[in-house]
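Okay, structure first, notes after.
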Amino acid sequence: MSMQHVITSAVKRFKRTQRKGRGDSSGRGKTAGRGTKGSGARVGTYIRSGYEGGQTEIYRRFPKRGFSNFKFANRFHAVNLADLDAKFDSGATVDQAALKEKGLVPDTKQPVKILGNGTLTKKLTVVAGWYSKSAHDAITRAGGEAQNAKGEPFAFPKPKKKFIPREKVKKKAAEDETPAGEVPA
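Residue numbers (our numbering): 7 to 191.
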């Protein structure tokens with residue numbers, strides 16, 4: 007057994023505290039480890055994050071740019087099919103409360119998304135906010151039901167139509183032109 011992991015009786019129980027500002031010979035005299043003069047050397051000071059000593063801070067020197075979708079993102083608690091298969095019996099109804107009770111989700115604040123990792127061999131009625139395509143197929147293949155949060159059968163939304171530009175309309179004036187000097191009959 008190596009000696010580095012064994013606490014011996016030679017080790018003192020409490021480390022002696024450093025006495026700062028008690029003379030130059032102590033090694034922590036004069037400025038007591040606080041550097042030189044300024045607000046950092048004073049007692050009770052608070053220097054907020056981003057403060058640059060009175061100079062205009064970097065986050066104020068540059069304009070705001072860009073856009074973030076962070077606050078608009080849909081967040082879910084993710085649960086895999088393997089977890090459902092292991093924790094629930096056949097014929098059970100799996101909803102947020104049941105998932106929280108089994109310890110698969112930490113709380114009921116966010117909706118649940120069922121992911122298709124693993125196999126499902128039991129017939130379950132699953133109530134969740136969203137499903138992956140593979141999870142939805144696996145639940146229905148096992149004879150179970152996939153429902154949305156309202157308890158209605160879950161259906162994926164129709165794919166959005168992509169914009170297809172129209173073909174350019176040919177001008178009729180070019181076809182109807184008559185040669186110069188002739189009078190149309």
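No residue lacks a Cβ here, since even glycine has one placed at the ideal position from N, Cα and C.
As the structure is a computational prediction, the values presented were derived from the model and not from experiment.
If Val133 sits next to Gly157, beta carbons under 8 Å apart, how far is it from one beta carbon to the other, in whole angstroms? Walking along the sequence shown from the start, residue 133 turns up at place 127. Walking along the sequence shown from the start, residue 157 turns up at place 151. Contact holds; Cβ gap of about 6 Å.
Does the beta-carbon distance from Phe94 to Leu121 come in below 8 Å? Here residue 94 corresponds to residue number 88 of the sequence shown, with the count starting at 1. Here residue 121 corresponds to residue number 115 of the sequence shown, with the count starting at 1. No, they are not a contact pair.
What three-state label does DSSP hand Ser167 in the structure shown? Mapped onto the sequence shown, residue 167 falls at position 161. In the sequence on display, residue 167 carries Lys and not Ser. Note: Lys167 maps to coil in three-state DSSP.
Distance check for Lys177 and Asn75, CA to CA, integer angstroms please. Against the sequence shown, residue 75 aligns to sequence position 69. Against the sequence shown, residue 177 aligns to sequence position 171. Their Cα atoms are separated by approximately 45 Å.
Closest by C-alpha distance to Phe162, when choosing among Arg81, His142, Phe20 and Phe169: Position 156 of the sequence shown, counting from 1, holds the residue named residue 162. It is His142 whose Cα lies nearest to the Cα of Phe162.
Taking 8 Å as the limit between beta carbons, can you name the residues of its chain near Ala148, skipping five residues before and five after? Taking the sequence shown and counting its residues from 1, the one referred to as residue 148 is at position 142. Taken in chain order, the residues that qualify are Leu126, Thr127, Lys128, Lys129 and Leu130.
Length of the line joining the Cα atoms of Ser138 and Thr14: Counting from 1 along the sequence shown, the entry for residue 138 is found at position 132. Counting from 1 along the sequence shown, the entry for residue 14 is found at position 8. When rounded, the distance between both Cα atoms is 58 Å.
From Gly50, Phe169 and Leu87, residue whose alpha carbon lies closest to that of Thr146: Start at 1 with the first residue of the sequence shown, and residue 146 comes out as number 140. Of the candidates Gly50, Phe169 and Leu87, the one whose C-alpha sits nearest the C-alpha of Thr146 is Leu87.
Top-ranked residue by Cα proximity to Pro112, from Tyr52, Val175 and His83: By 1-based counting over the sequence shown, the position of residue 112 is 106. Ranking Tyr52, Val175 and His83 by Cα distance to Pro112 puts His83 first.
Is the distance from the Cβ of Ala35 to the Cβ of Gly41 below 8 Å? For this step, residue 35 is matched to residue 29 along the sequence shown. For this step, residue 41 is matched to residue 35 along the sequence shown. Looking at the sequence itself, residue 35 is Gly, so the reference to Ala does not match. For Gly35 and Gly41, no; Cβs fall outside 8 Å.
Could you tell me the alpha carbon to alpha carbon distance between Ser55 and Arg66, rounded to whole angstroms? For the purposes of this step, residue 55 is taken as residue 49 along the sequence shown, with counting starting at 1. For the purposes of this step, residue 66 is taken as residue 60 along the sequence shown, with counting starting at 1. So the two alpha carbons sit approximately 13 Å from each other.
From this set, Ala98, Gly124, Ala92 and Ala152, which residue's C-alpha is nearest Leu110's C-alpha? For the purposes of this step, residue 110 is identified with residue 104 of the sequence shown, where counting begins at 1. Of Ala98, Gly124, Ala92 and Ala152, the residue nearest in Cα terms is Ala92.
CA-to-CA distance, Ser96 to Lys77, given in whole angstroms: Position 71 of the sequence shown, counting from 1, holds the residue named residue 77. Position 90 of the sequence shown, counting from 1, holds the residue named residue 96. Roughly 38 Å separates the two Cα atoms.
Using a Cβ-Cβ cutoff of less than 7 Å, which residues in the same chain neighbour Gln116 once the five nearest sequence positions on both sides are dropped? The residue you call residue 116 lines up with position 110 of the sequence shown. Answer for Gln116: Arg81, Phe82 and His83, listed in chain order.
What is the residue span of the alpha helix (DSSP H) that Leu90 lies within? Numbered from 1 along the sequence shown, position 84 holds the residue referred to as residue 90. From DSSP, the alpha helix (DSSP H) with Leu90 extends over Leu87 to Lys93.
I'd like to check one pair, Thr114 with Lys106: are the Cβ atoms closer than 8 Å? Residue 106 sits at position 100 when you count from the first residue of the sequence shown. Residue 114 sits at position 108 when you count from the first residue of the sequence shown. Yes, Cβ-Cβ distance for Lys106 and Thr114 is below 8 Å.
With a 10 Å radius around its C-beta and 16 neighbouring C-beta atoms as the bar for buried, classify Gln61 as buried or exposed. In the sequence shown, residue 61 corresponds to position 55, counting from 1. Gln61 comes out exposed.
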